Amino acid sequence: MAKLPQSCGAATADGALGLRDGGAGSIKPCGQQSRRQHQEPGPGKEERLHPAQDCALRADMELDVQRAKDLIEQKLAEEEEEEKRLKEDGTREPPAVERMSTPDLEEEKRRGPRNWGLEAIKGQERVRKSSVDLRREIIDVGSIQRLIELRKQRRQRREERAATPEPPPPPEPLEIEGPVEPETFLRAAVQGKMRVIEKFLADGGSPDTCDEFHRTALHRSSLEGHTDILQKLLDSGATVNFRDRLDCTAVHWACRGGHLDAVKLLQDHGADLNLKDKLLSTPLHVAARTGHLDIVEHLIHCGVDINSPDREGDTALHDATRLSRYKIIKMLILYGADMMAKNHAGKTPTDLVQQWQVDTRQALETKEQPQGEMEVPV
Numbered sequence: 001m002a003k004l005p006q007s008c009g010a011a012t013a014d015g016a017l018g019l020r021d022g023g024a025g026s027i028k029p030c031g032q033q034s035r036r037q038h039q040e041p042g043p044g045k046e047e048r049l050h051p052a053q054d055c056a057l058r059a060d061m062e063l064d065v066q067r068a069k070d071l072i073e074q075k076l077a078e079e080e081e082e083e084k085r086l087k088e089d090g091t092r093e094p095p096a097v098e099r100m101s102t103p104d105l106e107e108e109k110r111r112g113p114r115n116w117g118l119e120a121i122k123g124q125e126r127v128r129k130s131s132v133d134l135r136r137e138i139i140d141v142g143s144i145q146r147l148i149e150l151r152k153q154r155r156q157r158r159e160e161r162a163a164t165p166e167p168p169p170p171p172e173p174l175e176i177e178g179p180v181e182p183e184t185f186l187r188a189a190v191q192g193k194m195r196v197i198e199k200f201l202a203d204g205g206s207p208d209t210c211d212e213f214h215r216t217a218l219h220r221s222s223l224e225g226h227t228d229i230l231q232k233l234l235d236s237g238a239t240v241n242f243r244d245r246l247d248c249t250a251v252h253w254a255c256r257g258g259h260l261d262a263v264k265l266l267q268d269h270g271a272d273l274n275l276k277d278k279l280l281s282t283p284l285h286v287a288a289r290t291g292h293l294d295i296v297e298h299l300i301h302c303g304v305d306i307n308s309p310d311r312e313g314d315t316a317l318h319d320a321t322r323l324s325r326y327k328i329i330k331m332l333i334l335y336g337a338d339m340m341a342k343n344h345a346g347k348t349p350t351d352l353v354q355q356w357q358v359d360t361r362q363a364l365e366t367k368e369q370p371q372g373e374m375e376v377p378v
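Once you know that position 202 of the sequence shown is 202 in UniProt numbering, the rest is easy, because the numbers rise by one and skip nothing.
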């Protein structure tokens with residue numbers, strides 16, 4: 001029999017978690033089972049573990065907990081390194097640009113803008129499920145103290161990363177060798193890389209180059225609010241009212257991204273603020289749904305049709321009411337939105353207010369009364 005170490009926390013044998021057979025995905029708390037085999041006496045018998053045997057079992061368990069812990073740390077470190085590499089490389093684009101489709105437009109209308117960042121976090125959590133399973137196995141083995149230490153270390157590393165500023169992105173090369181591919185050009189519009197844009201246009205590339213969704217660099221830079229790139233594209237002859245496959249113009253995307261400066265720049269170059277997308281939504285509809293009050297106010301001041309209906313007969317006020325955009329509701333009311341306008345389902349904005357939204361309902365009902373006058377704040 002091998003000589004046991006002085007501390008029961010030291011390792012004396014291969015672990016009972018199953019790491020040597022199946023790796024991280026097949027860890028099983030066999031240490032407890034092994035202990036039960038020693039502790040469960042036969043009928044009518046009493047059996048106690050010898051102190052040396054008990055110490056050996058504990059040592060085995062501690063070794064396997066440490067192995068599981070190291071495996072978790074390795075997996076999480078690899079994931080973080082991959083995320084960091086992709087971020088520095090700049091190969092990923094905002095999901096809104098890549099994935100926006102007609103169902104997404106309909107979802108935006110009913111529920112407001114999607115939280116792409118939250119969905120990305122949920123995706124990462126799904127990827128880390130195996131790591132979570134490992135943590136649960138550690139709990140099953142019984143080493144709660146080890147788990148507490150692991151969490152403390154993770155928290156400390158997060159605090160250290162938060163205290164350390166991220167390095168600035170690498171500067172753009174002064175000269176770009178070779179031709180710029182259309183995909184690189186479109187990606188540069190998202191990332192704000194002016195030299196890539198200039199190189200592509202200088203080589204004779206069309207400013208209206210688009211992807212399979214008919215989205216141009218103008219659409220992409222409008223969503224991100226890169227006004228310098230917008231200016232360059234417009235000066236190079238980009239079509240300001242170019243429609244993508246959703247019939248959205250750059251103004252729709254600027255409203256969706258919440259960039260008032262981009263909206264104004266596009267407007268100065270002749271953008272039509274009343275054009276409609278596939279859902280017959282105007283930029284005012286989009287700004288109301290996504291909650292950008294400053295853009296709503298600007299569009300109203302520019303004289304857009306405040307009561308323009310979409311495919312379902314909803315006005316911007318219907319959308320703002322459905323999504324509880326109280327400030328936008330108030331502004332639309334103050335500037336004359338029709339409170340009695342009915343959509344194709346025969347519903348007015350008041351009908352869409354939920355029972356628990358008392359303040360909004362009162363504001364709408366007060367405005368509907370003929371004698372009720374609402375003062376415009378100075």
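We put the CB at the ideal spot given by N, CA and C, even for glycine. Every value quoted in this text rests on a predicted model; they were computed, and no experiment measured them.
| Check | Outcome |
| --- | --- |
| Is Cys-210 helix, strand or coil when you go by DSSP? | strand |
| What distance in whole Å lies between the Cβ atoms of Cys-255 and Ala-287, which are believed to be in contact at a cut-off of 8 angstroms? | 4 angstroms |
| Would you identify the three-state DSSP class for Val-315, choosing helix, strand or coil? | Reading the sequence as shown, one finds Thr at residue 315 and not Val. Thr-315: coil per DSSP, three-state reduction. |
| Short of 7 angstroms in beta carbon distance, which residues of its chain neighbour Phe-213, apart from the five on each side in sequence? Order them along the chain. | Asp-244, Arg-245 |
| Please report the straight-line C-alpha distance between Arg-322 and Trp-253, rounded to a whole angstrom. | 21 angstroms |
| Candidates Val-180, Arg-67, Thr-227: which alpha carbon is nearest Leu-150's? | Arg-67 |
| Please name the residue in Asp-261, Phe-200, Glu-198 whose C-alpha comes closest to that of Gly-225. | Asp-261 |
| Under a three-way DSSP split, which group does Thr-348 fall into? | coil |
| Based on Cα-Cα distance, which residue from Gly-258, Gly-270, Glu-175 lies nearest to Ala-238? | Gly-270 |
| Does DSSP put Thr-239 in a helix, in a strand, or in coil? | coil |
| Grab me the residues of Ser-281's own chain with a C-beta within less than 6 angstroms of its C-beta, minus the 5 sequence neighbours each way, in chain order. | Asp-310 |
| Rounded to whole angstroms, how far is the Cβ of Glu-312 from the Cβ of Asn-343, which I believe are closer than 8 angstroms? | 6 angstroms |
| DSSP puts Thr-216 in a beta bridge; with which residues? | Cys-210 |
| Candidates Arg-195, Asp-235, Thr-227: which alpha carbon is nearest Val-251's? | Thr-227 |
| Mind checking Thr-348: buried by the 16 CB within 10 Å criterion, or exposed? | buried |
| Take the Cβ of Ala-316 as the centre, count every other Cβ of all protein chains shown within 10 Å, and call the residue buried at 16 or more, exposed below. | buried |
| Compute the beta-carbon to beta-carbon distance between Gly-291 and Ile-328, rounded to the nearest angstrom, for a pair I have assumed lies under 8 angstroms. | 7 angstroms |
| Within its chain, find whatever has a CB closer than 7 angstroms to the CB of Leu-234; leave out the 5 residues flanking it on each side and keep chain order. | Val-240, His-269 |
| Nearest to Val-190 by alpha carbon, out of Leu-230, Asp-60, His-298, Asp-294? | Leu-230 |
| Can you tell me the Cβ-Cβ gap for Asn-307 and Ala-341, rounded? I've got them flagged as a contact below 8 angstroms. | 6 angstroms |
| Leaving out the 5 sequence neighbours to the left and right, which residues in its chain are closer than 6 angstroms to Lys-276 when beta-carbon positions are compared? | Thr-282 |
| Distance check for Glu-106 and Glu-297, CA to CA, integer angstroms please. | 24 angstroms |
| Apart from the five residues just before and just after Gly-205, which ones in its own chain have a Cβ nearer than 8 angstroms to its Cβ? | Val-180, Pro-182, Phe-185 |
| CB-CB under 7 angstroms to Arg-325, same chain, minus the five flanking residues each way: which ones, in chain order? | Ala-288, Gly-291 |
| Assign Gly-178 to buried or exposed, taking buried as 16 or more other Cβ atoms, counted over all protein chains shown, within 10 Å of its Cβ. | exposed |
| What span of residues does the alpha helix (DSSP H) with Tyr-326 cover, start to end? | 326-334 |
| Helix, strand or coil for Val-263, going by three-state DSSP, please let me know. | helix |
| Do Leu-334 and Ala-320 have their C-beta atoms within less than 8 angstroms of each other? | no |
| Taking only heavy atoms of the ligand PLP into account, decide whether any of them is closer than 7 angstroms to the Cβ of Arg-195. | What this structure holds is no ligand at all, so the ligand PLP is not there to describe. |
| Which word fits Pro-207, buried or exposed, when buried means at least 16 other C-beta atoms lie within 10 angstroms of its C-beta? | buried |
| Cutting at 7 angstroms between CB atoms, please list the residues of its own chain near Val-263, excluding the five before and the five after it. | Val-251, Ala-254, Cys-255, Ile-295, His-298 |
| Which residue from Glu-175, Asp-338, His-318 puts its Cα closest to that of Val-353? | His-318 |
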